[in-house]
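Enquirer: Note that this note's numbering gives residue 98 to position 98 of the sequence shown, counting from 1, and the numbers run on in steps of one. A single structure is presented below for examination.
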Amino acid sequence: MNPEEFLRWKGDRLRRQAQLRQRMPSLKKRKGPALDQEASALHAAVFSRLDCLACAQCCKTIPPMVNKTDAARIARHLRMSEGAFYAQYLRRDEDGDTVMNASPCPFLEQDHRCSIYEHRPKACRAYPHTDRDFSKNLDLHVRNVAYCPAVFQIMERLAGLG
Ligand code: SF4
Ligand code: SF4
């Protein structure tokens, strides 16, 4: 993704999201292995030319979920007790999930690298969830159009808008 494409995403994302919401009924009718396969191929194509280090919008705007295993692993890496790690970095969100307590993420560095990359939460590894079981998360993908330029491109191509 070049800077022009990034700017197009910034300027068009909410309009595109509204268009995609209107097309959800027809996208939902296509749910299944064929749609998953198409999305997976688009995911590979989009990410082959997109540098997440030039973006980092997810790390800047979406506090990731941190499960117990993540918390234990990261606390060990930081040589902190789990209690101290929880107190310093985590909070409960409105859905009752445990998430990072700040946006941008406290582990995001100036150059967009993750300072705990090898130990990052499972949710960070899986984001933006477009490479498998795509059909199961259609509502999430439409929401993520506003947060992730890759999801924006994948969704608009799937819906015949791009
Ligand atoms: S833990 Fe790392 S990958 Fe996850 S949001 Fe924070 S900076 Fe990004
Ligand atoms: S928002 Fe999407 S494109 Fe940007 S860094 Fe995150 S996963 Fe990569």
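From the three backbone atoms N, C-alpha and C, an ideal C-beta is built for every residue, glycine too.
To the nearest angstrom, how far is the alpha carbon of Leu-35 from that of Leu-14?
Expert: Here the question's residue 35 lines up with position 35 in the sequence shown. Here the question's residue 14 lines up with position 14 in the sequence shown. Taking the straight line from one Cα to the other gives about 24 Å.
Enquirer: Kindly provide the ranges of any beta strand (DSSP E) runs that are 3 or more residues long and lie completely inside the stretch 35 to 112, ordered along the chain.
Expert: The qualifying runs are 90 to 92 and 98 to 100.
Enquirer: Taking the alpha-carbon positions, what's the Gln-88 to Ser-81 distance?
Expert: What you label residue 88 is simply residue 88 of the sequence shown in a count that begins at 1. What you label residue 81 is simply residue 81 of the sequence shown in a count that begins at 1. Distance between the alpha carbons of Gln-88 and Ser-81 is about 11 Å.
Enquirer: Using the C-alpha atoms, what's the distance from Arg-49 back to Arg-21?
Expert: Along the sequence shown, one-based indexing puts residue 21 at 21. Along the sequence shown, one-based indexing puts residue 49 at 49. Spanning the two alpha carbons is a distance of roughly 26 Å.
Enquirer: Return the residue from the list Pro-149, Ala-72 and Phe-6 that minimises the CA-CA distance to Tyr-127.
Expert: Taking the sequence shown and counting its residues from 1, one reaches residue 127 at position 127. If we check each option's Cα against that of Tyr-127, Pro-149 comes out closest.
Enquirer: Return the chain-ordered list of same chain residues with a C-beta closer than 8 Å to the C-beta of Ile-116, the five sequence neighbours on each side being excluded.
Expert: Against the sequence shown, residue 116 aligns to sequence position 116. Contacts found: Ile-74, His-77, Leu-78 and Phe-107.
Enquirer: Is it the case that the CB of Leu-35 approaches a heavy atom of ligand 1 more closely than 7 Å?
Expert: Position 35 of the sequence shown holds residue 35. Answer for Leu-35: no, Cβ out of range of ligand 1.
Enquirer: Distance check for Gln-57 and Leu-7, CA to CA, integer angstroms please.
Expert: Here the question's residue 7 lines up with position 7 in the sequence shown. Here the question's residue 57 lines up with position 57 in the sequence shown. Those two C-alpha atoms are separated by around 13 Å.
Enquirer: Is it the case that the Cβ atoms of Pro-64 and Cys-124 are separated by a distance below 8 Å?
Expert: The residue you call residue 64 lines up with position 64 of the sequence shown. The residue you call residue 124 lines up with position 124 of the sequence shown. The answer is yes: Cβ separation under 8 Å.
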